[in-house]
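*Asks:*
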Amino acid sequence: MNRPPPYFPQSQLSPASDKRYKKFKLLIALASVSLILILIGAGFGIYYLINWAVS
338 MNRPPPYFPQ
348 SQLSPASDKR
358 YKKFKLLIAL
368 ASVSLILILI
378 GAGFGIYYLI
388 NWAVS
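Numbering of the sequence shown is given in the numbering used here, commencing with residue 338 and proceeding in unit increments.
The following block contains the structure:
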């Protein structure tokens with residue numbers, strides 16, 4: 338049982354498609370923009386909640 342380990346190809350089986358890469362970049366950009374908007378909205382909400390609670 339002195340066999341070499343199985344061969345795992347290092348390159349992808351299918352070539353990288355440019356369309357898929359653009360779609361992935363667009364998805365990441367939309368996710369980051371929406372996360373930033375959610376954080377800004379949460380910040381405004383906390384600010385106004387504190388102002389409402391204090392007054």
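Even glycine gets a Cβ: it sits at the ideal position worked out from N, Cα and C.
It should be emphasised that the depicted structure is a prediction, and the values quoted were computed from it without experimental measurement.
Output needed for F345: all residues of its chain with C-beta closer than 6 Å, excluding positions within five of it in sequence on either side, in chain order.
*Replies:* Taking the first residue of the sequence shown as position 1, residue 345 is located at position 8. For F345, where only same-chain residues beyond five positions count, there are no Cβ hits under 6 Å.
*Asks:* How long is the line joining the alpha carbons of N388 and K356, rounded to whole angstroms?
*Replies:* Position 51 of the sequence shown holds residue 388. Position 19 of the sequence shown holds residue 356. Taking the straight line joining both Cα atoms gives about 48 Å.
*Asks:* Which of helix, strand or coil does DSSP assign to D357?
*Replies:* Position 20 of the sequence shown, counting from 1, holds the residue named residue 357. The question names Asp, but residue 357 in the sequence shown is Arg. It is helical.
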